[in-house]
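So the sequences go chain by chain: W and S. Remember, our numbering sits 1 above the position in the first sequence when you count from 1. Remember, our numbering sits 1 above the position in the second sequence when you count from 1.
There are 2 protein chains.
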Amino acid sequence: MYKSAARPGERILAAADKLFYEQGIRAVGVDTIAAEAGVSKRTLYNYYPTKDDLIAAYLTARFKHIAPSDAPAREQILAYFERIEAMVADGSFRGCPFVNAVTEIGDRKHAAIALAVQFKEQRRQWYRALLERLQVKDPDALATQLQLLVEGVLATSLVRGDPGAARAARAAAEVLLDAAIARKARRKR
Amino acid sequence: MYKSAARPGERILAAADKLFYEQGIRAVGVDTIAAEAGVSKRTLYNYYPTKDDLIAAYLTARFKHIAPSDAPAREQILAYFERIEAMVADGSFRGCPFVNAVTEIGDRKHAAIALAVQFKEQRRQWYRALLERLQVKDPDALATQLQLLVEGVLATSLVRGDPGAARAARAAAEVLLDAAIARKARRKR
DNA sequence: TCATAGGTAAACAGACCTGTTTACTTCGAG
DNA sequence: CTCGAAGTAAACAGGTCTGTTTACCTATGA
Numbered sequence: 002m003y004k005s006a007a008r009p010g011e012r013i014l015a016a017a018d019k020l021f022y023e024q025g026i027r028a029v030g031v032d033t034i035a036a037e038a039g040v041s042k043r044t045l046y047n048y049y050p051t052k053d054d055l056i057a058a059y060l061t062a063r064f065k066h067i068a069p070s071d072a073p074a075r076e077q078i079l080a081y082f083e084r085i086e087a088m089v090a091d092g093s094f095r096g097c098p099f100v101n102a103v104t105e106i107g108d109r110k111h112a113a114i115a116l117a118v119q120f121k122e123q124r125r126q127w128y129r130a131l132l133e134r135l136q137v138k139d140p141d142a143l144a145t146q147l148q149l150l151v152e153g154v155l156a157t158s159l160v161r162g163d164p165g166a167a168r169a170a171r172a173a174a175e176v177l178l179d180a181a182i183a184r185k186a187r188r189k190r
Numbered sequence: 002m003y004k005s006a007a008r009p010g011e012r013i014l015a016a017a018d019k020l021f022y023e024q025g026i027r028a029v030g031v032d033t034i035a036a037e038a039g040v041s042k043r044t045l046y047n048y049y050p051t052k053d054d055l056i057a058a059y060l061t062a063r064f065k066h067i068a069p070s071d072a073p074a075r076e077q078i079l080a081y082f083e084r085i086e087a088m089v090a091d092g093s094f095r096g097c098p099f100v101n102a103v104t105e106i107g108d109r110k111h112a113a114i115a116l117a118v119q120f121k122e123q124r125r126q127w128y129r130a131l132l133e134r135l136q137v138k139d140p141d142a143l144a145t146q147l148q149l150l151v152e153g154v155l156a157t158s159l160v161r162g163d164p165g166a167a168r169a170a171r172a173a174a175e176v177l178l179d180a181a182i183a184r185k186a187r188r189k190r
């Protein structure tokens, strides 16, 4: 229970985040969330009039931007795979909340689907910006490919929580980066 | 309805496959499956005593091996990405049924989870065997990486049904294959 | 002091879920 | 012809889900 923590609205969101992520959106009822938040159902429905609103709030809160950094672009990209590896090793990893939401929600018009699309695109643009700094030939295409590797690690690690997948993805990313940079160098010569 | 088709057992499985895949395992009730199969609920429960049995049967039926082929290994690997691209372009693509099942089923001891792990490993071994024929340096590691690309395409295409992801993955696979083969050639020299 | 905003607990409505049961039908093999 | 296997339709049991409602409590600021 989060009774000691801040305001009811935040306790509800924290409880929803925990339960939705750990057990799945469809697997968790609002009763359970209210109980976990130490809040009456009435209050929960005051803050979030429907479960769908709560789902949207859950994903919106998960929609984090990556803190910009002055570290070398290549380093930042590879470090991201290491972060994933750590999350998987931690044991509490349950896949990408956005992808999971798309899987669990049938209705393509649900706000969650648009959020998932935006999130993935935002991540792709993060790669793109870094790759532009590296002056690779086709930053857009390579950004998509790195994103695919990340997505692959997330799905694979959900099925089988083996940190080896993240390491393999990191190695593959290195190969792709090297190839893109070599091509550019070759072009320069 | 599949009333005209073969035996009740098969009609039930066909209906379950369609509904589970299109709408999700948790989203579909046994009543709906029985109706879709043109079969009474009593009959459904004669063939599959619990919904979990039906889920397991659904995934078991989806557990296909790839037909062995004498085509060049590289060609076979790249063709697989093209198959996925076609599936995505078709519009009915809803992600990998095994990954979806893991997402939707909370219980890690459910038969479906073991099936999912086996399926992914079986696919990985398929790559491994092909890569051994190509005599790349570390077929096991590269098999994992190609598998990651595939998994990434499946997840990405679920969120956003853009066939471009499959094409990007194919291109990335080519780079990885070329790098692995070049390394081997370099070693030969 | 006391009105009110915001909270609690608990019951309820109505829908849907899994799984069982009952009573009836159909059809093919001996 | 008749018996039994396998099917149907439909109701039911017991549970859970979302969302609403009722009646009560409590703290705070005018």
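Here a beta-carbon is modelled for each residue, glycine too, at the ideal position from N, C-alpha and C.
(Q) Check whether chain W comes within 8 Å of S/A6, counting only Cβ atoms and requiring the distance to be less than that. (A) Caution applies to S/A6, whose pLDDT of 49 falls short of 50 and renders its modelled position unreliable; the value that the coordinates give is listed next. Judged by the 8 Å Cβ criterion, S/A6 is not in contact with chain W.
task: Say whether the stretch 137–144 of chain W touches the stretch 78–86 of chain W, bearing in mind that this needs 3 or more beta-carbon pairs closer than 8 Å, one atom from each stretch.
output: no
CB contact below 8 Å: W/K121 versus chain S: By this cut-off, W/K121 is an interface position.
*Spatial distance of S/A173 from W/V100 (CA atoms)*: Between the C-alpha atoms of S/A173 and W/V100 there is a straight-line separation of about 22 Å.
query = For W/Y49, which residues from the same chain have a beta carbon less than 6 Å from its beta carbon, with the 5 sequence-adjacent residues on both sides left out?
reply = Excluding residues within five positions, the ones whose Cβ falls inside 6 Å are L55.
_With a threshold of 8 Å between beta carbons, is S/L14 in contact with chain W?_
Judged by the 8 Å Cβ criterion, S/L14 is not in contact with chain W.
Q) Would you call the CB atoms of S/E105 and S/I26 closer than 8 Å? A) yes
Would W/A38 and W/R12 be called neighbours here (beta carbons separated by less than 8 Å)?
yes
Have a look at W/R75, W/F21, W/S93, W/S70 and flag the residue whose alpha-carbon is nearest the alpha-carbon of W/A58. W/F21
I'd like to check one pair, S/V154 with S/A170: are the Cβ atoms closer than 8 Å? yes
- With DSSP as the reference, label S/V192 as helix, strand or coil. In the structure as shown, chain S begins at 2 and stops at 190. Residue 192 of chain S is therefore absent and cannot be evaluated.
| message | Quick check: what's the CA-CA separation for W/Q123 versus S/Y81? | response | W/Q123 and S/Y81 have their C-alpha atoms roughly 28 Å apart.
Pick helix, strand or coil for W/R8, following the three-state DSSP scheme.
-> coil
Quiz item: S/L79 CB to nearest chain W CB: under 8 Å?
Solution: no
* Asked: Taking the Cβ atom as the reference point for each residue, do W/V31 and S/V118 lie within a distance shorter than 8 Å?
  -> no
Quick check on the burial criterion: 16 or more other C-beta atoms within 10 angstroms. Buried or exposed for W/A68? Burial call: exposed.
_Using CA atoms only, rank isn't needed, just tell me which of W/L79, W/V103, W/A167, W/D71 is closest to S/A28._
W/V103
Run through DSSP, which three-state label would W/I124 get?
The amino acid at residue 124 of chain W is misidentified as Ile; the sequence shows Arg. W/R124 falls in the helix class under three-state DSSP.
- Take S/A62 and list the residues in its own chain whose beta-carbon comes closer than 7 Å to its own, dropping the five residues that flank it on each side. Contacts found: L14, D18.
### Query
How long is the line joining the alpha carbons of W/L149 and W/V176, rounded to whole angstroms?
14 Å
Any idea what DSSP makes of W/D139, helix, strand or coil?
-> coil
*Closer than 7 Å by C-beta to W/V40: which residues in its own chain qualify, once you throw out the five before and the five after it? Chain order, please.*
P9, R12, I13
Requested in this report: Could you name the residues of the same chain whose beta carbon sits closer than 7 Å to that of W/L60, not counting the 5 residues immediately before and after it, in chain order?
Outcome: P98, F99, A102, A113, L116
For this session: Please say whether S/L131 and S/Q77 have beta carbons closer to each other than 8 Å?
Result: yes
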